[in-house]
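Q:
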Amino acid sequence: MKPIPWWQESVCYQIYLPSFCDGNGDGRGDFPGLLTRLDHLAALGVGAVWITPFYPSPLVDNGYDISNYCAVDPRFGDMGDFRRVVAGCHARGIRVIIDLVVNHVSSEHPWFQDAWNNPASPYRDYFIFSRQPNNWQSFFSGPAWTPEPDTGEFYYHKFAPQQVDLNWANPQVEREIHRVIDFWIAQGVDGFRFDVINFLTTDGVLADNPMENGEQRHAHDVNQPGIIRALQRLCRYVRQRGEFFLIGEIGSDDLEVIRRYQGADLMDVVFNFNLGSQKTFDASRLFAELTAMRERQPGPPTLFFSSHDMPRMISRFGESARDVDRARAVLALQLTAHGVPFIFQGEEFGMTDFVAQSLEQIVDVQGRTHYQTALEAGMTAEQALAVALEHSRDASRAPLAWEEGDASLRDDYRQLIALRNDTPALRHGHYTTLELTDACLWFSRATPDEQVWVAINFGAPVRNPWQHIEGEMLYGEDALWIGKNQFFIKRSCHGKAQ
Ligand code: NOJ
C-alpha cells in the first residue's frame, strides 16, 4: 500500500507573520520573534506551519505584493533568520510551508518597473497591457485597469493597482517562477501555499464579464480555459524535485469549482472556503458541506474556520462576541473530521476580532479601496465607511495577545491535537457514518485497524450524546468531554465502541 503522505497526518498552523510575534520591538511580527515561539507551536502539537509572505514588498497588501521573490524583507529579518526558523521547526518535527504569490507582483518589482518605463522592454510581455480595457473589475472594487500616462495603454491588476497581474500565457513567466521555486526548495521549505492560484491569467484578455444583480460575475477573468494545464505543469515541476505539500488557494466558495483543482497531478489540497468561510453558524449548512465534500471531493478537504482574510470563528460563529463553548465545539469538529486542519494563529488563545470604529483604523487595502469606490459612486462619507468596514480584513490581523491568552482553551487545543495525533482513524480514516440529528453532528471514521465514533453537540448541553446514535453498543462511558458536554469520542480496535 502507498504510504500516507505526512501532510495528511498533520495539523497545520497559519502564521500571519506581521502580527505573530515582534522580536525587535518595532510593532511588527518578524522571524526573530517567531523563533522564540517555536516551543509554543511544538507544545500545541502542530505538524506544519504556513507562513504568509515575508519577501521584500511595499506592504500595500501586507506582503501579497512581492517586489523580490528571492529574499526576506528586512522588516521581517534576513535570510539567516529565515534559515534559523526552518531549522528550529525541523528540529521540532514541524514542516514549513511558504506562501507564494505568483498571480501578481508588486508594481515596485524590477520586472514591472522596467516594463512601465520602457514600452520596448523585454519585460513588457510579462504583464498584460491593452489599449482597450474591457469591463473587468478588481476584486478590491473599481476597475482592474490602470492607465499608463505616456503610452495610452492600461495595465491589468485583479487586486490593487500596486499588484500587477503576470501574463501566464508567456512561457518566460513560468520559467521565472520555476527559478523562484528552486530557490526556496534550496532553503529547505517543505511546501507551498499558492495564492489565488485559479486566478492566473493563462489565456489573456477575454470577453467582458456579465453583470448580475448589479454585480460583476467573474466569468472570464478567473478559471480561464488554460488554467488546469498551467497548474499541472507547475505541480509537476515541483513534484519532480521531491515530496512537497502543495496547497492551492482557490478563490471561490463553490465546492464544484474548488474540487477541480485537487488531484494527483494538481494541488494536494485546496482551501475549502465552502465550509470555512460561512458567515454565521449553521449546523445544517456545515453538515451539508461536509456531506458534499465526503461525496464529491477527490482528496482530503481542508478544515479551517478563520484566516487573515476573514473574521475569527470565535467572534463570527458565537452567540456573543466571544463564545468559547461554540468555539470549542467547532474546534472539536475541525480536529476530528476528515481532512487537513489549519488553525489560525491566536485561535488557541480565544482571540477575538478587532473591530475598527473609524476610517483611520482601517489599514487593509481592500477596506480602503472599497471606501474610495463608494465615495466615487456618490455615497456619503458615512455610507462609504459602512461599506469599508464590511470589506475590511483587519478584524483578524491584530497583534497576537501572547500574555493575555486563555489557558483553558489553549489546553483544549493541545488535548484535541494530541488526540488526533495519537489516533490513526482521526488522522486519515474515512467516514463510515456522517449524520446530523437536531444540533448533534455525529460520525464514525475508520482505518482497517480502528474505528472512532465522534459526537459533537452544537446545541444545549445534553446528558447523553449517544442517544442520537442508533445501536446499543454506542451507549456507555465517554472517553473525552470538552466544554459543556459538547464533544464526545469513543474508539474501538475491533469495530465496537469501548
Ligand atoms: C489572497 C490572500 O490571502 C489575500 O490576503 C490577498 O489580499 C489576495 N490573495 C491577493 O494576493
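All residue numbers for the sequence shown refer to the numbering used here, where the first residue is 30 and numbers rise by one.
Every residue gets a Cβ at the ideal spot worked out from N, C-alpha and C, and that includes glycine.
#1: Which residue or residues does DSSP assign as beta-bridge partners of K519?
#2: Using the three-state DSSP reduction, which class does F383 fall into: helix, strand or coil?
#3: What would DSSP say about M339, mapped onto helix, strand or coil?
#4: Helix, strand or coil for S421, going by three-state DSSP, please let me know.
#5: Is I80 helix, strand or coil when you go by DSSP?
#6: Would the region 131–148 and the region 94–111 be scored as touching if the rule is three or more Cβ pairs under 8 Å?
#7: Between the alpha carbons of F188 and P490, how many angstroms are there, rounded?
#8: Where does G500 fall in DSSP's three states?
#9: What runs of the beta strand (DSSP E), each 3 residues or longer, lie entirely inside the region 252–313?
#10: Check each candidate in D423, A468, V267 and name the one with the smallest Cα separation from S336.
#11: Check whether the Cβ of S281 lies closer than 8 Å to any heavy atom of ligand 1, and answer yes or no.
#12: Is the beta carbon of R288 sitting closer than 9 Å to the one on P327?
#13: Between the alpha carbons of R1 and R355, how many angstroms are there, rounded?
#14: Helix, strand or coil, according to DSSP, for E464 in the structure here?
#15: Relative to the C-alpha of V234, which residue among G181, N163, R222 is closest?
#16: In this structure, does DSSP put G529 in helix, strand or coil?
#17: Using only the heavy atoms of ligand 1, determine whether one of them is closer than 8 Å to the beta carbon of H133.
#18: Going by the beta-carbon positions, is the gap between A415 and I391 smaller than 9 Å?
#19: At the level of alpha carbons, what is the spacing between K519 and T309?
#20: Quick one: Cα of V481 to Cα of T231, how far?
#21: With distances taken Cα to Cα, identify the nearest neighbour of T462 among G488, C469, L455, S473.
#22: Report the three-state DSSP secondary structure of D55 (helix, strand or coil).
#23: What residue range is occupied by the uninterrupted beta strand (DSSP E) comprising P139?
#24: Between which two residues does the alpha helix (DSSP H) harbouring T365 extend?
#25: Using DSSP's beta-bridge definition, name the partner residues of D370.
#26: Span of the alpha helix (DSSP H) holding T402?
#27: Report the rounded CA-to-CA distance for E407 versus F517, giving the unit in angstroms.
#28: Between the region 449–460 and the region 430–439, can you find at least three pairs of beta-carbon atoms closer than 8 Å?
#29: Please return the same chain residues whose Cβ sits closer than 8 Å to the Cβ of R113, not counting the five positions on each side in sequence.
#30: Name the DSSP bridge partner or partners of I44?
#31: Pick helix, strand or coil for E177, following the three-state DSSP scheme.
#32: What first and last residue would you give for the alpha helix (DSSP H) that runs through A100?
#33: Mapping DSSP to helix, strand and coil, what is N196?
#34: Inspect the beta-carbon positions of R357 and G74 and report whether they are closer than 9 Å.
#35: Give me, in chain order, the residues of the same chain whose beta-carbon lies closer than 6 Å to that of I206; leave out the 5 immediate sequence neighbours on both sides.
#36: Can you list, in chain order, the residues of its chain whose CB lies under 6 Å from that of M296, leaving out five sequence neighbours each side?
A: Taking the definition as stated:
#1: What you label residue 519 is simply residue 490 of the sequence shown in a count that begins at 1. BP columns for K519 point to W482.
#2: For the purposes of this step, residue 383 is taken as the residue at position 354 of the sequence shown. Reduced to three states, the DSSP call for F383 is coil.
#3: Mapped onto the sequence shown, residue 339 falls at position 310. Assigned with DSSP and collapsed to three states, M339 falls in strand.
#4: As a position in the sequence shown, residue 421 is number 392, starting the count at 1. In the structure shown, S421 sits in coil (DSSP, three-state: anything other than H, G, I, E or B).
#5: What you label residue 80 is simply residue 51 of the sequence shown in a count that begins at 1. I80: strand per DSSP, three-state reduction.
#6: Yes, since at least three Cβ pairs between the region 131–148 and the region 94–111 fall closer than 8 Å, the two stretches touch.
#7: Here residue 188 refers to the residue found at position 159 of the sequence shown. Here residue 490 refers to the residue found at position 461 of the sequence shown. Using only the alpha carbons, I get a separation of about 45 Å.
#8: Residue mapping note: residue 500 aligns to position 471 of the sequence shown, counting from 1. Any answer about G500 is weak, because its pLDDT of 44 lies below 50 and its placement is not dependable; what the coordinates show is given next. Coil.
#9: 274–277
#10: Sequence index remark: in the sequence shown, residue 336 carries index 307 (1-based). When each option's Cα is compared against that of S336, the closest is D423.
#11: Along the sequence shown, read from residue 1 onward, the residue named residue 281 stands at position 252. S281 Cβ: outside cutoff for every heavy atom of ligand 1.
#12: Walking along the sequence shown from the start, residue 288 turns up at place 259. Walking along the sequence shown from the start, residue 327 turns up at place 298. Result yes, Cβ atoms of R288 and P327 sit closer than 9 Å.
#13: What is shown of the chain runs 30 to 527, which leaves residue 1 out entirely.
#14: Looking up residue 464 in the sequence shown gives position 435. E464: strand per DSSP, three-state reduction.
#15: One-based indexing of the sequence shown puts residue 234 at position 205. The option with the nearest alpha carbon to V234 is N163.
#16: Any property of residue 529 remains undetermined from this structure, which presents the chain solely from 30 to 527.
#17: As a working mapping, residue 133 is identified with position 104 in the sequence shown. Taking non-hydrogen atoms of ligand 1 into account, the C-beta of H133 is found less than 8 Å away from one of them.
#18: On the sequence shown, residue 415 is found 386 positions in, with the first residue counted as 1. On the sequence shown, residue 391 is found 362 positions in, with the first residue counted as 1. Cβ distance not < 9 Å, so A415 and I391 don't count as in contact.
#19: The sequence position of residue 519 within the sequence shown is 490, counting from 1. The sequence position of residue 309 within the sequence shown is 280, counting from 1. K519 and T309: Cα-Cα distance of roughly 29 Å.
#20: As a working mapping, residue 481 is identified with position 452 in the sequence shown. As a working mapping, residue 231 is identified with position 202 in the sequence shown. Roughly 45 Å separates the two Cα atoms.
#21: Residue 462 sits at position 433 when you count from the first residue of the sequence shown. Per the Cα distances, S473.
#22: One-based indexing of the sequence shown puts residue 55 at position 26. Of the three classes helix, strand and coil, the one that applies to D55 here is coil, per DSSP.
#23: As a working note, residue 139 is residue 110 in the sequence shown. Unbroken run through P139 is the alpha helix (DSSP H), 139–146; no beta strand (DSSP E).
#24: The residue labelled residue 365 in the question sits at position 336 within the sequence shown. Taken as a continuous stretch (DSSP letters only), the alpha helix (DSSP H) holding T365 covers 353–365.
#25: One-based indexing of the sequence shown puts residue 370 at position 341. It is Pro, not Asp, that sits at residue 370 in the sequence shown. DSSP, once it has assigned bridges, lists L332 as partnering P370.
#26: Position 373 of the sequence shown holds residue 402. It spans 394–405 - the alpha helix (DSSP H) in which T402 sits, taken as one unbroken run.
#27: For the purposes of this step, residue 407 is taken as the residue at position 378 of the sequence shown. For the purposes of this step, residue 517 is taken as the residue at position 488 of the sequence shown. First, the residue type needs correcting, since residue 407 is Gly and not Glu in the sequence shown. The alpha-carbon of G407 is positioned some 54 Å away from that of F517.
#28: Contact between the region 430–439 and the region 449–460 is absent, because fewer than three Cβ pairs lie under 8 Å.
#29: For this step, residue 113 is matched to residue 84 along the sequence shown. Closer than 8 Å at Cβ, skipping near neighbours: F60, L64.
#30: Walking along the sequence shown from the start, residue 44 turns up at place 15. Answer is I80, bridged to I44.
#31: In the sequence shown, counting from the first residue as 1, residue 177 sits at position 148. If DSSP states are grouped into helix, strand and coil, E177 belongs with coil.
#32: Start at 1 with the first residue of the sequence shown, and residue 100 comes out as number 71. Where A100 is concerned, there is no enclosing alpha helix (DSSP H), because DSSP gives it neither an H nor an E.
#33: As a working note, residue 196 is residue 167 in the sequence shown. Secondary structure of N196 (DSSP, three-state): strand.
#34: Position 328 of the sequence shown, counted from the start, is the residue given in the question as residue 357. Position 45 of the sequence shown, counted from the start, is the residue given in the question as residue 74. The Cβ-Cβ distance between R357 and G74 does not fall below 9 Å.
#35: Locating residue 206 in the sequence shown gives position 177, where the first residue counts as 1. Counting only Cβ-Cβ distances below 6 Å, and skipping sequence neighbours, we find V131.
#36: If you number the sequence shown from 1, residue 296 lands on position 267. Short of 6 Å from the beta carbon of M296, and not among the five residues preceding or following it, lie these beta carbons of its own chain, in chain order: L275, G277, Y290.
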